[in-house]
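Single-structure report; data block below.
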Amino acid sequence: MSNPVCVEVTRGALVESRHRGSVVAVDGEGKLVFSVGDIERGVFPRSACKAMQALPLVESGAADAYGFGNRELALACSSHNGEDEHVALAASMLARAGRDVGTLECGAHWSSDLKTVIHQARTIDKPTALHNNCSGKHAGFVCACCHQGIDPTGYVGYDHPLQQQIRETMQSLTGAVLEHDNCGTDGCSIPTYAVPLKGLAHGFAKMATGVGLEPLRAKASRRLFEACMAEPFYVAGTDRACTKLMQIAPGRIFAKTGAEGVFCAAIPEQGIAISVKCDDGNGRAAEVMVTTALSRFFEKDGEVHAGLMAMANRPFRNWNGIHVGDIRPAAALMA
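Read in order, the letters of the sequence shown correspond to residues 518 to 852 in the working numbering.
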């Protein structure tokens, strides 16, 4: 099945680029609300599923034992910019478990955000694992291990007890069988599993509604979503799409991006979750796709709907400030 064009990029009066992809929205029961393209094909969620991966941190009691509030839990679900606040909070999380940066197994990299990386270049000689955009998630992993009496050494490995917990959690949520055959290695070295796009959305819909979840998981899911919506800066950072989406409708939208054109979102008050995949892995196109999909559910809320549509239809300007084109949802996405 060839996916339709979901996003167009114009220059002048002509379409310069087209991005194909798939979009799905489901409710807590798994009922299809709307879809575009192939929603059964397996996709790697990458960082979009971090809230699922953070569930053992809460369910094990580690989050309470270490006194984690909304900011720490949001960072555990984050792909952050590596801004000073993110780095300091990740270090603080590790310290509460008696650990430090040396325990992290995510690797080190400079920020992908231009302003942040310039600041980093001016203030540090080289980045550490705390600057990795996944350091909050990994700090949460380490804390979950320490609280449960599990040696965190090798916690990124497929057979490590923590990764087994995460695998079981994601299987339960998505309904997909996760094993070596559909496993890859993520940028931060943990296992990542290809799951059907519809199953990914259903997993987030379960988290948003609690439907089909035992009370402990339903409560932990609600707590993670609420933390992210309360502290969107710690989910992503300055000028990031995740942060902006959650700021458009405070406490009403949960949003999380993943690499290679994946984006997930949920509207807890409506019991709806959305997953998108841009076929060519383009992040800006995935942002348009998920934002346009979200706008469907806020048509009666003029201010929120307008904010979402403004984010989905963006002008491009050159270095002289001249309007040269736009990025916009294509007809298939607007139908």
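Glycine included, C-beta positions come from ideal geometry on N, C-alpha and C.
Cβ neighbours of LEU647 in the same chain (closer than 6 Å, five flanking residues each side left out): Here the question's residue 647 lines up with position 130 in the sequence shown. Counting only Cβ-Cβ distances below 6 Å, and skipping sequence neighbours, we find VAL604, ALA607, ALA608 and VAL618.
Assigned secondary structure, ASP843 (DSSP; H/G/I helix, E/B strand, else coil): Residue 843 sits at position 326 when you count from the first residue of the sequence shown. In the structure shown, ASP843 sits in a strand (DSSP, three-state: E or B).
Residues bridged to LYS794 [DSSP beta-bridge criterion]: One-based indexing of the sequence shown puts residue 794 at position 277. Bridge partners of LYS794: SER539 and VAL779.
Same chain, Cβ closer than 6 Å to ARG558, neighbours up to 5 away in sequence not counted: As a working mapping, residue 558 is identified with position 41 in the sequence shown. So no residue of the chain qualifies.
Expected contact under 8 Å - CB spacing of GLY788 and GLY545 to nearest Å: Residue numbering aside, residue 788 sits at position 271 when the sequence shown is read from its first letter. Residue numbering aside, residue 545 sits at position 28 when the sequence shown is read from its first letter. Contact flag correct, Cβ pair sits at about 5 Å.
ASP544 - partner residues in DSSP beta bridges: For the purposes of this step, residue 544 is taken as residue 27 along the sequence shown, with counting starting at 1. DSSP lists ILE789 as the bridge partner or partners of ASP544.
C-alpha distance - ALA725 paired with GLN681, whole-angstrom precision: Taking the first residue of the sequence shown as position 1, residue 725 is located at position 208. Taking the first residue of the sequence shown as position 1, residue 681 is located at position 164. Taking the CA atoms as reference points, ALA725 sits about 23 Å from GLN681.
ALA847 vs VAL522 beta-carbon contact at 9 Å: Your numbering for residue 847 matches position 330 in the sequence shown. Your numbering for residue 522 matches position 5 in the sequence shown. Closer than 9 Å, so yes.
Contact under 9 Å by Cβ, ASP880 with LYS567: Lying before the first or after the last residue shown, residue 880 is absent from the chain, which here runs from 518 to 852.
Under the three-state DSSP convention, the category LEU549 falls into: Here residue 549 refers to the residue found at position 32 of the sequence shown. Correct three-state label for LEU549: strand.
ASP767 classed as buried or exposed, judged by whether at least 16 other C-beta atoms fall within 10 angstroms: Translated into positions along the sequence shown, residue 767 becomes position 250. Here residue 767 is Pro; the residue named in the question, Asp, does not match the sequence. So PRO767 counts as exposed.
Distance CB(VAL752)-CB(HIS636) smaller than 9 Å: On the sequence shown, residue 752 is found 235 positions in, with the first residue counted as 1. On the sequence shown, residue 636 is found 119 positions in, with the first residue counted as 1. Result no, Cβ atoms of VAL752 and HIS636 do not sit closer than 9 Å.
Pair within 9 Å by beta-carbon distance, CYS759 and VAL779: One-based indexing of the sequence shown puts residue 759 at position 242. One-based indexing of the sequence shown puts residue 779 at position 262. No.
Three-way DSSP call (helix, strand, coil) for LYS715 in this model: Locating residue 715 in the sequence shown gives position 198, counting from the first residue. Under the three-state reduction of DSSP output, LYS715 falls in the helix class.
Proximity to GLY657 [Cα-Cα], best of SER792, ASP630, GLY674 and LEU590: In the sequence shown, counting from the first residue as 1, residue 657 sits at position 140. Looking only at SER792, ASP630, GLY674 and LEU590, the smallest Cα-Cα distance to GLY657 is reached by LEU590.
Beta-ladder partner(s) of VAL522, from DSSP: The count along the sequence shown starts at 1 and reaches residue 522 at position 5. Bridge pairing for VAL522: ARG537 [DSSP].
Where the alpha helix (DSSP H) through GLY819 begins and ends: Working through the sequence shown from its first residue, we reach residue 819 at position 302. 819–829 is the span of the alpha helix (DSSP H), which, as asked, contains GLY819.
Per DSSP, the bridge partner or partners of VAL532: By one-based count along the sequence shown, residue 532 stands at place 15. Checking the DSSP bridge columns, you'll see VAL532 partnered with THR527.
ALA580 versus CYS660 - alpha carbon distance: Position 63 of the sequence shown, counting from 1, holds the residue named residue 580. Position 143 of the sequence shown, counting from 1, holds the residue named residue 660. In this structure, the straight-line span from the alpha carbon of ALA580 to that of CYS660 is close to 8 Å.
Contact set for CYS745: own chain, Cβ-Cβ below 6 Å, skip 5 residues either direction: Sequence index remark: in the sequence shown, residue 745 carries index 228 (1-based). Around CYS745: ALA591, CYS594, VAL752 and PHE771.
Pair within 9 Å by beta-carbon distance, GLY599 and SER706: For this step, residue 599 is matched to residue 82 along the sequence shown. For this step, residue 706 is matched to residue 189 along the sequence shown. A distance of 9 Å or more separates the beta carbons of GLY599 and SER706.
Beta-carbon proximity check, ARG769 vs GLU786, cutoff 9 Å: Within the sequence shown, the letter at position 252 stands for residue 769. Within the sequence shown, the letter at position 269 stands for residue 786. With a cutoff of 9 Å on beta-carbon distance, ARG769 and GLU786 are scored as near each other.
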